[in-house]
Amino acid sequence: MMNPTVRWSLFLLLIPLLVLLAAAVMQIDGHAVDLDAIFVGSSMAHPLGCDALGRDLLSRLAEGLRLSLSVGIAVVCLGGVIGISIGIFAAWMGGWVDAVLMRFADIVLSFPGILLAIALAAMLGPGVENLIIALVAVGWVGFSRLTRAQVLALKHAPFVEASLAGGSSVRYIAVKHLLPNIAAPLLVEASFGLAAVVIGEAGLSFLGVGVQPPDASLGTMIREGTRLMLVEPLLVIWPGLILFLLVMAVNLLGDHLRDRLDVKGGHADA
Amino acid sequence: MLGQVCAIRIFQAVPTLLGVATLVFFLLHLVPGDPVDALLGETAMAADREAMRRALNLDLPLLQQYVSFLVGLFTGDWGNSIVDGRSVLVLIGERLPATAELAAVSLLLALVLALPLGYWAARHAGSARDFAAMSFSLLGVSIPNFWLGPMLMLLFSVILGWLPVSGMDAPGSIVLPAITLGTALAAILSRMARSSWLEAMSSDAMRTARASGVKEQVIWWRHAGRLAAVPVVTMFALQLGAVLGGAVITETVFDWPGLGLLTIEAIQRRDYPLVQGCVLIIALFYVIANLLADLLSLWLDPRQRHS
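Sequence order for the protein chains is A and B.
The letter at position 158 of the first sequence is residue 157 when you use numbering that gives the first Met the number 0, and the numbering goes up by one with no holes.
The letter at position 86 of the second sequence is residue 85 when you use numbering that gives the first Met the number 0, and the numbering goes up by one with no holes.
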């Protein structure tokens, strides 16, 4: 019997998955402008209708969703690798190295995350790569603080000292002994991080400092949809709904992981 | 004792503030691309570019720019806007009251909603009522405010016609932005209130109180309530700062003329001194809110003073 939280989470993912599947089957070009199809309603050719330029809404939603997921996964992986490495390094070295690195982390944490990402994305210029850089620059800190705290607790554990005495290299100890022992809280952090990054990407694109038209991101679609709300409200309802369902499903999975792995703390604030 | 610990904490915030200022400075000066190119376009005349460079102090060595930036920070000279030439601090000062008003109403709304909800969920922990309250909370943390805003606008302004769409002049115009900004805060606070109340209720002190015949209502509010208040108050103070981050998006959605909208306008016009000032002032408030949270929890929970 599947856990109810996981069941709910999969249920929420149903609509986003259907959108992806339907778009993959129908193979419509989301960039193709068709002036005869402007604001047309749902039909066999365009199941969710078309936008202000006559582009198929379903394929644009699928494109936005794929982008959100790829940016989300890329940022969590990159931020995770950087944050975990810095965390292990700081905890292992101790002394001034630890002090300097953690002071820097404190300073990054002294900004509301979204603000730092907005400023950085705006300075770097638009584009998906810069968007990823901006989000990683904010996202690594959580991983590094968590890793550092966990490694500090394990650093003098008998199995670590025994391995060190046996001549193992620090890298070997980090990968073989430390990482498997701190994987649970990191996994929880990663799942809440994914939800935050997905909202962050859409937020930056909504503000115009992320993905640029004509590429589709759920954020740019909400921005365009808001302008046309009086004419065709579905253009803002659909992308937001998909984003919301995705984020809620990921948050629920995070909650489940936290309870299952018995990790203290963790939060779902995006 | 408390005063001493507080003084140490306040003193510790100084290097953080300096670090924040340094990060903002280098963020705007070391990123690739020439701000003068961005402002004037690559086809601008050499003389114009040179004049702009001098006006922005970009002709000086980086270290000298940094030092004069720091000196300016302390002497109240935060530079002038490139777009209209007015002082950055004056521009920020003009927009601050609107953001303060929005933040205050949102936080109040969040508190009024979150405490009863958290209490209700904790009181009925494990039941369908708890599930309903926590589902609302999950909904609140998962809904992006740049979508919640347009949805509220669509329902209450366009379809029902009850409230103004945007701006801050019409009566009732603060309602929708405050709900948009306050929802996530309410969700986070209610989760926190529920878990701290439950934790407090499971302590030995509460069991003793119950065994000595203290009324259930009194235990929940007077005894456990006080214990549960520590993390809730701390979280609330942390949200004082976080709300400014959320305000950037909410103000943009509703065209609310506050600091957040000013930041986005400055970014769109590539008004670098103004971007720098806005980011810095928001970060400053954020650090102060974090410090406040720290001091409040020290004051409320004497055990922390010794750690």
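Ideal Cβ placement from N, Cα and C applies to all residues, glycine included.
Beta-carbon spacing of residue i, residue j below 9 Å
i, j, result
"Ile81 of chain B", "Leu38 of chain B", "yes"
"Leu55 of chain B", "Ala118 of chain A", "no"
"Leu307 of chain B", "Leu115 of chain A", "Residue 307 of chain B is absent from the model: chain B starts at 0 and stops at 306."
"Ala248 of chain A", "Leu12 of chain A", "yes"
"Ser136 of chain B", "Ser189 of chain B", "yes"
"Ile221 of chain A", "Val235 of chain A", "yes"
"Pro291 of chain A", "Leu60 of chain A", "Since the displayed chain A opens at 0 and closes at 269, residue 291 of chain A lies outside it and no answer follows."
"Val32 of chain A", "Leu52 of chain A", "yes"
"Arg144 of chain A", "Gly86 of chain A", "yes"
"Phe142 of chain A", "Gly82 of chain A", "yes"
"Gly138 of chain A", "Gly78 of chain A", "yes"
"Ala288 of chain B", "Ala236 of chain B", "yes"
"Ala89 of chain A", "Val80 of chain A", "no"
"Leu206 of chain A", "Ile280 of chain B", "no"
"Ala246 of chain B", "Leu107 of chain B", "no"
"Thr15 of chain B", "Arg102 of chain A", "yes"
"Val140 of chain B", "Ala103 of chain B", "no"
"Gln267 of chain B", "Val87 of chain B", "no"
"Met191 of chain B", "Pro230 of chain B", "yes"
"Gln238 of chain B", "Ala109 of chain B", "yes"
"Ser195 of chain B", "Ala227 of chain B", "yes"
"Ile172 of chain A", "Gln149 of chain A", "no"
Cutoff 9 Å: residue i Cβ touching any chain E Cβ
i, result
"Asn250 of chain A", "Of the protein chains in this structure, namely A and B, none is chain E."
Cβ-based neighbour list, residue i, same chain, cut-off 7 Å, excluding 5 preceding and 5 following
i, result
"Leu130 of chain A", "Val70, Ala120, Glu200, Leu203, Gly209 and Val210"
"Phe284 of chain B", "Gly240 and Leu243"
"Leu17 of chain B", "none"
"Phe25 of chain B", "none"
"Ala104 of chain A", "Val140, Ser143 and Arg144"
"Val74 of chain A", "Ile131, Leu134, Val135, Gly138 and Val196"
"Pro213 of chain A", "His30"
"Leu299 of chain B", "Ala228, Val229 and Val232"
Cβ-Cβ separation, residue j to residue i (assumed contact under 8 Å), whole Å
i, j, result
"Leu64 of chain A", "Ile241 of chain A", "6 Å"
"Val232 of chain B", "Gly148 of chain B", "Not confirmed; about 28 Å, so no contact."
"Gly117 of chain B", "Arg221 of chain B", "Between Arg221 of chain B and Gly117 of chain B the Cβ distance is about 17 Å, and since that is not below 8 Å, they are no contact."
"Ile106 of chain A", "Ser58 of chain A", "Actually they are not in contact, since the Cβ atoms of Ile106 of chain A and Ser58 of chain A sit about 43 Å apart, beyond 8 Å."
"Pro143 of chain B", "Trp255 of chain B", "Incorrect: roughly 17 Å between the Cβ atoms, too far for contact."
"Leu178 of chain A", "Leu153 of chain A", "The pair is not a contact, with the Cβ atoms about 10 Å apart (cut-off 8 Å)."
"Leu197 of chain B", "Ala121 of chain B", "5 Å"
"Met228 of chain A", "Leu153 of chain B", "6 Å"
"Val35 of chain B", "Arg52 of chain B", "6 Å"
"Gly257 of chain B", "Ala43 of chain B", "About 33 Å; that fails the 8 Å criterion."
"Leu151 of chain B", "Ile178 of chain B", "6 Å"
Same chain, Cβ closer than 8 Å to residue i, neighbours up to 5 away in sequence not counted
i, result
"Leu261 of chain B", "Leu90, Ile91, Arg94, Leu273 and Cys277"
"Gly265 of chain A", "The predicted model places Gly265 of chain A with a pLDDT of 47, which falls under 50 and marks its position as unreliable; any figure quoted below should be read in that light. For Gly265 of chain A, where only same-chain residues beyond five positions count, the Cβ hits under 8 Å are Pro184, Val187, Glu188, Phe191, Gly253 and Arg257."
"Ile14 of chain A", "Leu240, Ile241 and Leu244"
"Ala282 of chain B", "Val19 and Val23"
"Ala267 of chain A", "Confidence at Ala267 of chain A is low in this model, with a pLDDT of 40, below 50, so its placement is unreliable and no value can be given for it."
"Cys49 of chain A", "Asp33, Ala36, Ile37, Phe38, Val39, Asp55 and Leu56"
"Arg8 of chain B", "Leu290, Asp293, Leu294 and Leu297"
"Glu215 of chain B", "Arg209"
"Ile59 of chain B", "In the sequence as displayed, the identity of residue 59 of chain B is Leu instead of Ile. For Leu59 of chain B, where only same-chain residues beyond five positions count, the Cβ hits under 8 Å are Ser67."
Beta-carbon proximity list for residue i, same chain, < 6 Å, skipping 5 on both sides
i, result
"Leu1 of chain B", "none"
"Ala269 of chain A", "Summary for Ala269 of chain A: the model assigns pLDDT 35, below 50, so the residue's position carries little reliability, and this model does not support an answer."
"Leu108 of chain A", "Val140"
"Cys5 of chain B", "Leu294"
"Ser8 of chain A", "Ala248, Leu251 and Leu252"
"Ile161 of chain B", "The question names Ile, yet the displayed sequence has Trp at residue 161 of chain B. Closer than 6 Å at the Cβ level, and outside the excluded window around Trp161 of chain B, lie Phe155."
"Val13 of chain B", "none"
"Ile173 of chain B", "Val104"
"Leu260 of chain A", "Ala183"
"Ala223 of chain A", "Looking at the sequence shown, residue 223 of chain A is not Ala but Glu. Answer for Glu223 of chain A: no residue qualifies."
"Gln11 of chain B", "none"
Residue i: CB within 8 Å of a non-hydrogen atom of the ligand SAM
i, result
"Leu17 of chain B", "Absent from the structure shown: the ligand SAM. Ligands present: none."
Jot down the residue ranges of each uninterrupted beta strand (DSSP E) in the region 45 to 128 of chain A, minimum 3 residues, whole runs only, in chain order. DSSP assignment within the region 45 to 128 of chain A yields no whole beta strand (DSSP E) run of 3 residues or more.
Tell me the start and end of each unbroken alpha helix (DSSP H) in the region 236 to 269 of chain B that is at least 4 residues and wholly inside, in chain order. List check, alpha helix (DSSP H) in window: 258 to 267.
Taking only runs of the alpha helix (DSSP H) that begin and end inside the region 137 to 201 of chain A, which ones reach a length of at least 4 residues, in chain order? With a minimum length of 4 residues, the unbroken runs of alpha helix (DSSP H) contained wholly in the region 137 to 201 of chain A fall at 157 to 164 and 169 to 172.
What are the uninterrupted segments assigned as alpha helix (DSSP H) that are 4 or more residues long and contained completely in the region 77 to 150 of chain B, given in chain order? Counting only unbroken stretches of 4 or more residues, the alpha helix (DSSP H) elements lying wholly within the region 77 to 150 of chain B are 87 to 122 and 127 to 141, in sequence order.
With a floor of 4 residues, list each alpha helix (DSSP H) that falls wholly inside the region 13 to 77 of chain B, ordered by position along the chain. The qualifying runs are 34 to 39, 45 to 54 and 61 to 74.
Just list the alpha helix (DSSP H) runs in the region 151 to 202 of chain B, keeping only unbroken ones of 4 residues or longer that don't cross its boundaries, in chain order. Within the region 151 to 202 of chain B, the complete alpha helix (DSSP H) runs of at least 4 residues are 174 to 200.
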